[in-house]
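K.L.:
Residue numbers (the working numbering): 5 to 241.
Put into structure tokens, the structure is as follows:
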């Protein structure tokens with residue numbers, strides 16, 4: 005798994021650091037995309053109820069316009085979409101981060117997600133790093149909780165892993181959205197220098213993201229804000 009020199013690496017043994025955004029100076033913002041995958045989502049794919057949880061139109065646009073982004077990957081998503089993961093890892097503008105193995109909750113009352121026991125949390129995150137690591141690319145020690153749900157016990161459980169927890173300060177609201185314009189407003193009304201924008205690449209569960217993204221990118225340009233890898237935004241580079 006990514007070592008102590010990877011972006012986001014912190015001192016092993018201390019409570020996991022939580023960040024929402026980078027310094028409010030300069031002009032950089034981070035576009036982050038969560039790649040959720042649960043057993044229920046896998047069942048929907050197998051049954052043909054949904055076509056895909058990998059929105060390739062997002063990747064096409066980011067690649068075409070040479071836009072940096074950071075992808076928070078669940079282990080089960082990586083295992084379901086190895087070719088897409090290789091595509092992400094092969095782009096030097098993209099960073100890879102950790103979003104748990106199967107998108108289970110790390111606290112109670114987290115959007116009806118099933119709860120993992122506290123003594124299983126570190127193993128779940130470590131397993132996900134192990135799944136992602138062979139793909140290479142720009143590996144990080146950044147981690148995002150499902151639903152951004154965490155408490156002191158969850159943060160303490162991650163202490164052996166030396167990670168930085170990244171929440172974010174601009175929530176697009178793209179899961180299960182039925183129109184793209186509200187997503188654009190949600191981002192552009194709140195984005196500032198140093199912002200970390202949360203979106204999703206899970207096509208069937210976030211069907212409007214690829215339609216909103218061109219307008220978000222145009223709005224950032226109008227505001228003289230420049231997408232950059234998460235590591236650069238948090239470092240204030």
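Glycine residues also receive a C-beta, built at the ideal position from the N, C-alpha and C atoms. The structure displayed is predicted, hence computed values, not measured ones.
Give every residue of the same chain whose Cβ lies closer than 8 Å to the Cβ of residue 40, excluding the five residues on either side of it in the sequence, and list them in chain order.
P.N.:
The residues are 57, 78, 81, 103, 107, 150, 204, 206 and 209.
K.L.:
Consult DSSP for residue 119 and reduce its assignment to one of helix, strand or coil.
P.N.:
Strand, per DSSP.
K.L.:
Going by the beta-carbon positions, is the gap between residue 2 and residue 165 smaller than 7 Å?
P.N.:
Lying outside 5 to 241, the shown extent of the chain, residue 2 is not represented and no answer is given.
K.L.:
By the DSSP assignment, the beta strand (DSSP E) with residue 98 in it spans what residues?
P.N.:
It spans 98-102 - the beta strand (DSSP E) in which residue 98 sits, taken as one unbroken run.
K.L.:
Would you mind sorting residue 248 into buried or exposed? The rule is 16 or more other CB atoms within 10 Å of its CB.
P.N.:
The chain is shown from 5 up to 241; residue 248 falls before or after that span and cannot be answered.
K.L.:
Would you say residue 215 reaches chain E, if we count a Cβ-Cβ gap shorter than 7 Å as a contact?
P.N.:
Protein chain content of the structure displayed is limited to a single chain, and chain E is not contained in it.
K.L.:
For the beta strand (DSSP E) that residue 32 lies in, which residues bound it at each end?
P.N.:
Residues 32-39.
K.L.:
Could you check the C-alpha separation between residue 193 and residue 202 for me, to the nearest Å?
P.N.:
Near 14 Å, if we compare the C-alpha coordinates of residue 202 and residue 193.
K.L.:
Can you tell which of 134, 54 and 126 has the C-alpha that lies nearest to the C-alpha of residue 17?
P.N.:
Nearest C-alpha to residue 17: 126.
K.L.:
Less than 7 Å separating the beta-carbons of residue 13 and residue 145?
P.N.:
Going by C-beta atoms, residue 13 is nearer than 7 Å to residue 145.
K.L.:
Counting along the chain, where does the alpha helix (DSSP H) carrying residue 189 start and finish?
P.N.:
Its alpha helix (DSSP H) spans residues 185-192.
K.L.:
Buried or exposed for residue 143, going by 16 or more other Cβ atoms inside 10 Å?
P.N.:
Buried, by the Cβ-count rule.
K.L.:
How far does the alpha helix (DSSP H) with residue 63 in it extend, from its first residue to its last?
P.N.:
Here the alpha helix (DSSP H) through residue 63 covers 60-68.
K.L.:
Straight-line CA distance for residue 22 to residue 167?
P.N.:
Using only the alpha carbons, I get a separation of about 9 Å.
K.L.:
When you compare each of 218, 196 and 61 to residue 31 by their alpha carbons, which one comes out closest?
P.N.:
Considering only alpha carbons, the answer is 196.
K.L.:
So the alpha helix (DSSP H) residue 156 belongs to, where does it begin and stop?
P.N.:
Run containing residue 156: 156-161, per the alpha helix (DSSP H) assignment.
K.L.:
Between the Cα of residue 94 and those of 110, 112 and 75, spot the shortest distance and give me the residue it belongs to.
P.N.:
Residue 75 is the option with its Cα nearest to residue 94.
K.L.:
Closer than 7 Å by C-beta to residue 131: which residues in its own chain qualify, once you throw out the five before and the five after it? Chain order, please.
P.N.:
Excluding sequence neighbours, residue 131 sits near 79 and 105.
K.L.:
Counting C-beta neighbours from all protein chains within 10 Å, is the total for residue 98 16 or more, i.e. buried, or is it exposed?
P.N.:
Residue 98 should be labelled buried.
K.L.:
Which residue marks the beginning of the alpha helix (DSSP H) containing residue 45, and which one marks its end?
P.N.:
Counting along the chain, the alpha helix (DSSP H) containing residue 45 begins and ends at 43-51.
K.L.:
State the DSSP-derived secondary structure class of residue 133, mapped to helix, strand or coil.
P.N.:
Residue 133 falls in the helix class under three-state DSSP.
K.L.:
When the Cα atoms are used, what is the spatial distance from residue 220 to residue 28?
P.N.:
Each residue's alpha carbon lies about 19 Å from the other.
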